[in-house]
Amino acid sequence: GDLAPWNAPDGQINAADVMIAQQIVLGMRSAGGVQLTHGDIFPVGSPDGAITLQDLILLMQQVLP
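Heads up, the sequence shown is in the numbering used here, so the first residue is 1 and it goes up one at a time.
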């Protein structure tokens, strides 16, 4: 889930990561290798090779109370 800053994940999962995941899901950005490595978290334990709405939801659950 650590996507921010773009191409330089900082080791923290926060609202900036949610924003980038949202932009990828909406097609505003294209995920590269760094983003797929860090942001493709669904299904848990078996990533599917894309950052999708399910990944975004899991990330939001980690960040938002």
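Glycine included, C-beta positions come from ideal geometry on N, C-alpha and C.
Every value quoted in this text rests on a predicted model; they were computed, and no experiment measured them.
Measure the alpha-carbon distance for ASP2 versus MET28 and round it to whole angstroms. By 1-based counting over the sequence shown, the position of residue 2 is 2. By 1-based counting over the sequence shown, the position of residue 28 is 28. Rounded to the nearest angstrom, the two C-alpha atoms are 18 Å apart.
What does the alpha-carbon distance come out to for the pair GLY11 and LEU53? Within the sequence shown, the letter at position 11 stands for residue 11. Within the sequence shown, the letter at position 53 stands for residue 53. The alpha-carbon atoms of GLY11 and LEU53 are separated by roughly 22 Å.
Own chain, CB closer than 6 Å to ILE16, minus 5 neighbours either side, in chain order: Position 16 of the sequence shown, counted from the start, is the residue given in the question as residue 16. Looking at the sequence itself, residue 16 is Ala, so the reference to Ile does not match. Within the same chain, ALA16 has close Cβ partners ALA4.
Let me know the secondary structure DSSP gives ILE4 once reduced to three states. Sequence index remark: in the sequence shown, residue 4 carries index 4 (1-based). The sequence as given places Ala at residue 4; Ile does not occur at that position. Residue state, collapsed to three classes: coil.
Thinking just about the alpha-carbon of each residue, which of GLY39, ALA50 and SER46 is nearest to the one in GLN62? As a working note, residue 62 is residue 62 in the sequence shown. GLN62 has its Cα closest to that of GLY39, out of GLY39, ALA50 and SER46.
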